[in-house]
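Asks: Okay, handing you the structure first.
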Amino acid sequence: MAVAVIAGAHTVPFVKESTHQVDLGASAVRGLLESTKVTRDAVDAVVSASVAGGSLLGQRILSRMSMTGIPVYNVENACASGATAANLAVGMVRSGQARTVLVVATERLSALGGGALPLDPTDIEAAHGAIMPASYAMRAARYLWENGLKPADIAMVSVKNRENGSLNPVARFQKPVTLDEVLASTPICDPLTLLQCSPNSDGSSAILVCSEAAARELGLDAVEVKSSVVTSGVFMNAPRDLTWPDVTLRAVKEAYEEAGIGPGDVDLAEVHDAFSIAEILYYEILGFCDRGQGARFLAEGRSRIDGDVAVNPSGGLISRGHPVGATGVAQLAEAYEQLKGRAGQRQVPGASVALTHVTGGGISGVDNGACAVHVLAV
Amino acid sequence: MNDRALPAGEPAAEAALHGGRCSQCGLFSIPKPVCCPACMSQEVTTDALAGDGTIYSATIVRSGPRNRKLPYGLAYVDLDAEIRVMAAYAVDEAQPLEPGQRVLVSQVGESEAGLPLLSVGAHPSAAAS
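The listed protein sequences correspond, in order, to chains A and B.
Heads up: the first sequence begins at 1 in the working numbering, then just goes up one per residue.
Heads up: the second sequence begins at 379 in the working numbering, then just goes up one per residue.
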């Protein structure tokens, strides 16, 4: 089996509103090829991800650069779409099906008109008015109740991530916020306020996944893909513990095993902070701290860029923005830049192992529809 | 075990939540599914459950879909039959729902897609105390 590496990354700055999704994707692909000096004919296949991009988005992007004529796959897996595309590319490289695969993930959520993303009206929870902020708000309410905590204890996630995002030139929000500002922002779903919700955004990110040999031949700087996992949520209509989401637990366990590492080896993690509470839960699920200790882990600064493990040094979804299908690839791009020591002011000192994690979707009976975890290392 | 503590003389909570029960493995589902999600049997018969349950978690949606009147409440309720359902509730700012509260879930209508709409109400045992 070939060793898969990531050998280049380019993220178009995430914004509130852009003009055209094909332009976004084309800018990411062109930027990737320009930064790596890889020529179009060296790309064996392309995997394109998007949630609301419509039919043949990959071909529509690639035809702008005369890059069609090769296998192109268009994939969707809610917020895990981009990371799912990367997982498919890794599989293609490891199996020998391709040596160099370009992954591009693109979303233009401004086309949907803002607000909470619409869910399937034939889903019984959506029929009751369930929206993603409500789903996470109920996790938050339960977590606060079980652990005797206050809303401010989880709202601190936004303060940390907005500070990190202020150091990230591709982040949508580049201004830090105070705890008071987070708590006083518009109430969305109790106890979550607006600044604890990742903002709908437009954006695109691209990475190059190659075999180790191909990267060497092309003269590229590479980081190894130690593990690449995609899984889906298990259906159950019995009571379940929403503060301990099993879909992430299974994906993380598998990713650690595949990489032969444990939580103590991780220098930085880009996790799915779609809402403040999510990052707290993921500290615990990823094993960075004990169960119930997530808020304390945050308060003690142990998830800061200079902490035990830098969580969301990019600013995460809360500060970088969340163009849903593009997020997973943007996380991998951040991990690549960090491991190559090119992350500028937000550089995690001595980073050699990075983990990325996304979950996707809200459907009844599963805690998330999809989850993808990658471990990269130099 | 059903632990509802009804005062003497009160009627039992009605078996008010309609769905389907698998004739093979006994799993109850809301709404009635085309096949049992656990064992895939197609022998699923129409059945109903009592709405007695306990709040797992609840929230008040203050910003959300444009086609709904805001704010509105949403809760996950763990029924005594060990099934979790989502149900809506009318917001009472003075008395927000909290985990652990006993409630009674009832079916109040159907969505445009024909799905049962559930609502959280006070549990008879709370009214007696």
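Heads up, the beta-carbon is just placed ideally off N, CA and C, and yes, glycines get one too.
May I ask you to report which of helix, strand or coil DSSP gives residue 156/A?
Replies: Of the three classes helix, strand and coil, the one that applies to residue 156/A here is helix, per DSSP.
Asks: With 8 Å set as the bound, which would you pick, yes or no: does the beta-carbon of residue 436/B sit closer than that to a beta-carbon of chain A?
Replies: With 8 Å as the cut-off, residue 436/B counts as an interface residue toward chain A.
Asks: Using 8 Å as the limit for Cβ to Cβ distance, is residue 379/B near chain A?
Replies: Confidence at residue 379/B is low in this model, with a pLDDT of 32, below 50, so the placement of that residue is unreliable and no value is reported for it.
Asks: Please list the partners that residue 471/B has in chain A, where partner means a Cβ-to-Cβ separation under 9 Å.
Replies: By Cβ distance, chain A contributes nothing, its closest Cβ being about 10 Å from residue 471/B, past 9 Å.
Asks: Residues of chain B with a CB under 7 Å from the CB of residue 238/A: which are they?
Replies: Here the neighbours are 460, 461 and 462.
Asks: If we require 4 or more residues per run, which alpha helix (DSSP H) segments fall completely within the region 36-124 of chain A?
Replies: Correct list: 57-63 and 81-95.
Asks: Enumerated in chain order, which unbroken segments of the alpha helix (DSSP H) with a length of 4 residues or greater are wholly contained in the region 299-375 of chain A?
Replies: Listed in chain order, the complete alpha helix (DSSP H) runs (minimum 4 residues) inside the region 299-375 of chain A are 316-320 and 327-339.
Asks: What residues in its chain sit with their C-beta under 8 Å from that of residue 500/B, if we drop five residues either side in the sequence?
Replies: The residues are 481 and 482.
Asks: At 3 residues or longer, and completely inside the region 171-234 of chain A: list those beta strand (DSSP E) runs for me, N to C.
Replies: If we require 3 residues or more, the beta strand (DSSP E) runs fully inside the region 171-234 of chain A come out as 187-189, 202-211 and 223-232.
Asks: How far does the alpha helix (DSSP H) with residue 6/A in it reach, from first residue to last?
Replies: Per DSSP, residue 6/A belongs to no alpha helix (DSSP H); it is in the beta strand (DSSP E), 4-15.
Asks: Could you tell me whether the Cβ atoms of residue 111/A and residue 198/A are closer together than 8 Å?
Replies: In this structure, residue 198/A does not lie closer than 8 Å to residue 111/A by Cβ.
Asks: Tell me whether residue 125/A is buried or exposed, calling it buried when 16 or more other Cβ atoms sit within 10 Å of its Cβ.
Replies: Looking at its Cβ environment, which holds 16 or more other Cβ atoms inside 10 Å, residue 125/A is buried.
Asks: In the DSSP output, what is residue 464/B paired with across the bridge?
Replies: Paired residue(s): 454/B.
Asks: Please tell me whether residue 320/A and residue 168/A are closer than 8 Å, where the distance is taken between their beta carbons.
Replies: Taking 8 Å as the Cβ cut-off, residue 320/A and residue 168/A qualify as a contacting pair.
Asks: Is any beta-carbon of chain A found at less than 8 Å from that of residue 467/B?
Replies: No, its Cβ sits nowhere closer than 8 Å to a Cβ of chain A.
Asks: Restricting to runs no shorter than 3 residues, where is the beta strand (DSSP E) found entirely within the region 237-287 of chain A?
Replies: The region 237-287 of chain A contains these whole beta strand (DSSP E) runs: 268-270.
Asks: Let me make sure I understand the geometry here. Which of 116/A, 341/A, 187/A and 357/A has the alpha-carbon closest to that of residue 86/A?
Replies: Ranking 116/A, 341/A, 187/A and 357/A by Cα distance to residue 86/A puts 357/A first.
Asks: Can you list, in chain order, the residues of its chain with a C-beta nearer than 7 Å to that of residue 204/A? Leave out the 5 residues immediately preceding and following it.
Replies: Here the set comprises 12, 24, 25, 27, 28, 104, 105, 106 and 326.
Asks: Quick one: residues in its chain with C-beta nearer than 6 Å to the C-beta of residue 229/A, no 5 flanking neighbours on either side, listed in chain order?
Replies: Same-chain partners within the cutoff: 251, 254, 255 and 373.
Asks: In terms of DSSP beta bridges, what is residue 399/B paired with?
Replies: In DSSP, residue 399/B forms a bridge with 406/B and 423/B.
Asks: With a cut-off of 8 Å, does the C-beta of residue 362/A fall near any C-beta of chain B?
Replies: Chain B contact via Cβ: absent.
Asks: By Cβ distance, which residues of its chain are closer than 7 Å to residue 140/A, with the 5 residues on each side in sequence left out?
Replies: Cβ within range, chain order: 154, 191, 192 and 277.
Asks: Smallest Cα separation from residue 469/B: which of 394/B, 451/B, 429/B and 461/B?
Replies: Nearest of 394/B, 451/B, 429/B and 461/B to residue 469/B, Cα basis: 451/B.
Asks: Are at least three pairs of beta-carbons, each pair with one atom in the region 454-463 of chain B and one in the region 431-438 of chain B, less than 8 Å apart?
Replies: A contact exists between the region 454-463 of chain B and the region 431-438 of chain B.
Asks: Flag residue 502/B as yes if its beta-carbon sits less than 8 Å from any beta-carbon of chain A, otherwise no.
Replies: For residue 502/B, the answer is no, since every Cβ of chain A falls outside 8 Å of its Cβ.
Asks: Consider the Cβ of residue 499/B: report whether some Cβ of chain A lies at a distance smaller than 8 Å.
Replies: Not closer than 8 Å to any Cβ of chain A, the Cβ of residue 499/B fails to qualify, so no.
Asks: What does residue 132/A reach in chain C if we use C-beta pairs closer than 8 Å?
Replies: The structure shown has no chain C; the protein chains it does contain are A and B.
Asks: Would you give the residue range spanned by the beta strand (DSSP E) that residue 488/B belongs to?
Replies: It spans 480-488 - the beta strand (DSSP E) in which residue 488/B sits, taken as one unbroken run.
Asks: Using only CA atoms, which one of 102/A, 119/A, 334/A and 182/A lies nearest to residue 377/A?
Replies: Closest option to residue 377/A, Cα to Cα, is 334/A.
Asks: Can you say whether residue 18/A is buried or exposed, counting buried as having 16 or more other CB atoms within 10 angstroms of its CB?
Replies: Under this definition residue 18/A is a buried residue.
Asks: Is the number of C-beta pairs between the region 67-83 of chain A and the region 48-57 of chain A that are closer than 8 Å three or more?
Replies: Counting Cβ pairs under 8 Å, three or more are found: they touch.
Asks: Counting C-beta neighbours from all protein chains within 10 Å, is the total for residue 160/A 16 or more, i.e. buried, or is it exposed?
Replies: By the 10 Å Cβ count, residue 160/A comes out buried.
Asks: So with CB distances below 9 Å, who are the chain B contacts of residue 187/A?
Replies: The contacting residues are 438, 440, 441 and 449.
Asks: Would you kindly work out how many angstroms separate the C-alpha atoms of residue 380/B and residue 457/B, rounded to a whole number?
Replies: For residue 380/B, the pLDDT reaches just 36, beneath the cut-off of 50, and the residue's location in the model is therefore unreliable, although a value from the coordinates is still provided. In a straight line, the C-alpha of residue 380/B is about 9 Å away from that of residue 457/B.
Asks: Looking at the C-beta of residue 145/A, does it have a partner C-beta in chain B at a distance below 8 Å?
Replies: At least one chain B Cβ lies under 8 Å of residue 145/A.
Asks: Going by DSSP, what residue range makes up the alpha helix (DSSP H) through residue 436/B?
Replies: Unbroken run through residue 436/B is the beta strand (DSSP E), 430-439; no alpha helix (DSSP H).
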